[in-house]
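Numbering (mature numbering (1 follows the signal peptide of the UniProt record, and there is no 0)) for the sequence shown: -18 to -1, 1 to 905.
Just so it is clear, CB atoms sit at the ideal spot from N, CA and C, and this is done for glycine as well.
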Amino acid sequence: MAFVRFLIPCFVISTDVAFSCQNTDDIVGASSPGDIVIGGLFAVHSEMLHPEEYPIKPVIQNCAGFEIQIFLQTLAMIHAIEMINNSTLLPGVTLGYEIYDTCAEVTKAMASALRFLSKFNSSEDVVEFKCNYSDYIPRIKAVTGATYSEVSMAVSRLLALQLIPQVSPASSAEILSDKIRFPSFFRTIPSDFHQTRAMAHLICESGWDWIGVIATDDDNGRLAVESFGVQAMANNVCIAFKEMLPAYLSDNTFHTKVDDAVEKIVKETRVNVIVVFMRQFHVLKLFQKAIERNVNKIWIASDNWSSAVKISTIPNIRQLGTIVGFGFKSRDSSTFQDFLRNLHEMPTDNNKFLHEYIMLLSVCAHLEYHDFQACISNQSQDDLLQNIENKHQIWKDDFLNANIEPGFIHSTVLAVYTIAYAIRGLCKNRNCKDPSAFTPWELLEELKNVTVIYDDKEIKFDSNGDMSTSYDVLLWKEIDGHMKIITMAEYDPGKDDFIFEDEEKKKEFLDLKKVQPTCSQHCTPGQMKKVTGSPHTCCYECVYCPENHYSNQTDMDYCYQCDNKTYWAPVNSTTCYSKTIHFLAWTDWFAIFLLLLSAFGVVLILSISVIFTKNLNTPVVKASGGLTVCYIILFSHFLIFLSTTFFIDEPTEFKCKTRQALFGISFALCISCILIKSLKILLAFSFDPKLQNFLKCMYKPIPIVVTCTGIQVIICTFWLIFRTPFVKQNFSISRAIILECNEGSILAFGIMLGYIAALAFICFIFAFKGRKLPENYNEAKFITFGMLIYFIAWIVFIPVYATTFGKYLPAVEIIVVLISNYGILCCTFLPKCYIIIYKQETNTKSAFLKMIYTYSSKSASSVAISQISLDSKSSSSRATVSESCKSQKNSVNGNCHFQVPGQTLIKAKVLPKNAARKRLSSI
């Protein structure tokens, strides 16, 4: 449904077709003049929009959710009036109508009812207050409607002030039969008393005695549930649960309540029959959610939605199970279908409903059937296109005919005819072209005794103002891939019995008995008895013992609880089971993979050691700090790889204490040695005297390594003494005990890692400064890259480590250790190994001397040029550097001469080759 909403463009309505209420005539949905005017109240829209502004003002708002079925009822009323005007039923008298949209809201309906009470021919729609309305002539003589019982209750109380007769084709609440409270109310359908009794009879006949009920939380829903509860009790039917949904879609809790209701249905596994007293748009939302949850039940439909085409065409509706409903008795609707086929020729000037429907056709024409119907229902009056006249007008004859609900069409037409027959009885001796010929209360008295001849049958109201017509028992059946609503039987309220047309229909009815939801049964071991909220105390439900609980006897009132630390039990268990011990074992495939990576790292270290030992006297090895420094760094890398083995297999006190300390001290030793190398490289190639003096003071290899590593040793020692790591049993997983190392102090763990990060950052800064060293000897660049890998790996590690739990938590740290260790190892030694093996011509003393000499010459020249730039004051002066230093002619005693116009001659010293040798030896 959300997808459909995105397909629908947003539109704004123009002023000439505006639905907002600017004056009293704007709230009229459809009208036609006549000698006698009948009012109509129909919920053409499913909800009224509520203002977001504050404070809320008493303004009649627009509506949303165009209801095709109710729109068809307004057309049925218009069709009935036109048929009466074109017949001899009321000779010389024409009926007119004023139809209003209640938007399924009492507030909107009351506004329309107030207009009904206004005085006839009053230009300002004034409702006069009188003590006696016997001679008062209101705007209309009678009202057809409303759609919902809750609205009819409110409107009927207001119309009763002037005793204006109200004939509803759809409001079925039992309370409306009370003529003390609702003296002017009639209806052309049976009371809910008969419907709930029919439902209870059907449930009892099918052998079901354990059901659920869902209804809307309004007057009609609550009264229907109450009436059904009485009938169910009389038939020994137990109600497992009752769920009440908000009456209005605008309620903020509506979707939550629908989710809760579906969740309740899913949980109540033994309730296979659900009785639903709801409006169509409520059922639509409920079923869409139930289809998502794969609910499959038997659904008993009330007359509100039992024949709703828009619900029967929901995609995958067949997955819900069997739907059986009760609908109002229908008659032949062929004349109404002919009326719909010619509807496009009908003028829309006085019919805003028809005008809106035509606009919706144009807006939603690009969609398929169900999406097209959803599109129409989801549009609000504020969403229609401003220039809708420019869109191609599309008419779908078959769409309206496909959405006809015959029972409601028949009851609507019958409501109009009962009023017309009552008018005929009053107009025999009166001139009914005169609006004051009779008053509404006189028409009310005539209605009480009127007999209607409709389809060659005599129909009349009983003493309660109801028509005790029979019900059609409807079955939703899939035929040729489409859900069809067929009549399975007829229910006769007088006989309280079902009537079948043939044996095939009776067999379909009897097939419902195959599902047997019973009130109670013996609870087997693994279950317990759960008393429901049913008034039948003998009814209980067998529910599975929840997780970590068990029962070992039949019909137990409660389940025993397992010891959650060492035992567990699945749902529906008859005993407790010992929890399994989990840790990252040697045999785990992931542990094996990580160990192979560590082993490969050790092999790599040995290979590098062999290569460096064989090439001990080459410049590359000497420039790397000599064999001693290299061995120390490689040994620290070996210890880091070795520390990963302490993260695997069953944790012990020794492993928990050793793994972090070994890793932390080894990494600190490695970084401190690389820091010495970075300082040495920077010192060798620095031409800034101040920086050289600083680096000479700093460059104390052995003290630096001992100090940096010693600080880490002190940190780890304090950690192991005061908050030592220990083995912990983690019970967070219900079926297992995870053995893991608790670090003892997260703060100490963080300080250890933070200290390594600080050393790495200092190393990164020094290496970054030396990143522009000679291309053939740019170790600082690779050190920089290695430190970046370390930072990235451990920055990612922090959130991953914090959010991971279970036996693979140690693997997270192993991975980060391996990544950072491999990164530094490869960046430090692999470039040198590459030169030793594949670039042997550059691994000579002469090649290194040439490279250093060239780099030193360039560096000296750049220093001289920088000095010239600083000494030159004129922006227009440009220093010209001669091609000296390249030939012996332009060089005197190793001096380069730079001439700046207007300035004295400047000399820059070019380093002789013996200086290059000195730098190489310093490295």
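- The alpha helix (DSSP H) runs of length 4 or more contained entirely in the stretch 68 to 131 are, from start to end of the chain, 88 to 99.
- Bridge partners of residue 24 according to DSSP: 83.
- Per DSSP, the unbroken alpha helix (DSSP H) holding residue 794 starts and ends at 791 to 820.
- Excluding five sequence positions before and after residue 300, the CB atoms of its chain that fall closer than 8 Å to its own CB belong to 460 and 465, given in chain order.
- Three or more Cβ pairs closer than 8 Å define a contact, and the stretch 181 to 188 meets that threshold against the stretch 211 to 221.
- Fewer than three Cβ pairs drawn from the stretch 400 to 412 and the stretch 128 to 139 lie within less than 8 Å of each other, which leaves the two stretches out of contact.
- In the DSSP annotation of this structure, residue 152 is not part of any alpha helix (DSSP H), being labelled neither H nor E.
- Around the beta carbon of residue 106, a 10 Å sphere encloses fewer than 16 other beta carbons of the protein chains shown; the residue is thus reported as exposed.
- Within its own chain, the residues whose Cβ lies closer than 8 Å to the Cβ of residue 565, once the five positions on either side in sequence are excluded, are 631, 632, 633, 720, 721, 722 and 789, listed in chain order.
- The shortest C-alpha to C-alpha distance from residue 174 to any of 446, 392 and 323 is the one to 446.
- For the set 791, 688 and 747, the Cα lying nearest the Cα of residue 724 is the one of 791.
- DSSP, reduced to helix, strand and coil, places residue 380 within a helical segment of the structure shown.
- When only Cα atoms are considered, residue 739 and residue 773 end up about 7 Å apart.
- Here the C-alpha atom of residue 420 lies approximately 26 Å from the C-alpha atom of residue 6.
- Residue nearest to residue 100 within the set 81, 144, 61 and 79 is 144 (criterion: CA-CA distance).
- Residue 269 and residue 563 have their C-alpha atoms some 45 Å from each other.
- Residue 203 places its beta carbon less than 8 Å from that of residue 259.
- Beta-bridge analysis with DSSP links residue 768 to no other residue.
- Excluding five sequence positions before and after residue 645, the CB atoms of its chain that fall closer than 7 Å to its own CB belong to 622, 625 and 799, given in chain order.
- Under the three-pair Cβ rule at 8 Å, the stretch 10 to 18 does not count as touching the stretch 286 to 299.
- Around the C-beta of residue 535, fewer than 16 other C-beta atoms lie within 10 Å, and the residue is accordingly described as exposed.
- For residue 695, same chain residues with a beta-carbon under 7 Å away, outside a window of 5 residues either side, are 647 in chain order.
- DSSP, reduced to helix, strand and coil, places residue 198 within a strand of the structure shown.
- In the three-state reduction of the DSSP assignment, residue 453 falls in the strand class, which pools E and B.
- Residue 308 sits close to residue 181, with the two beta carbons spaced by under 8 Å.
- The C-alpha of residue 201 lies about 11 Å from the C-alpha of residue 226.
- Just so you know, the alpha carbons of residue 239 and residue 228 end up roughly 8 Å apart.
- Beta-bridge pairing by DSSP links residue 168 to 149.
- Within the model, the alpha-carbon separation for residue 784 versus residue 571 is close to 24 Å.
- Just so you know, the alpha carbons of residue 67 and residue 433 end up roughly 19 Å apart.
- Taking 8 Å as the cut-off, the beta carbon of residue 286 is found closer than this to the beta carbon of residue 261.
- Taking a cut-off of 8 Å on C-beta distances, the stretch 21 to 39 touches the stretch 120 to 136, as three or more cross pairs fall below it.
- In the three-state reduction of the DSSP assignment, residue 431 falls in the helix class.
- Taking C-alpha positions only, residue 698 is separated from residue 781 by approximately 23 Å.
- Under the rule that a run must span 4 or more residues, the alpha helix (DSSP H) segments found entirely inside the stretch 299 to 348 read 316 to 323 and 334 to 346.
- Spanning the alpha carbons of residue 416 and residue 311 requires a straight line of approximately 37 Å.
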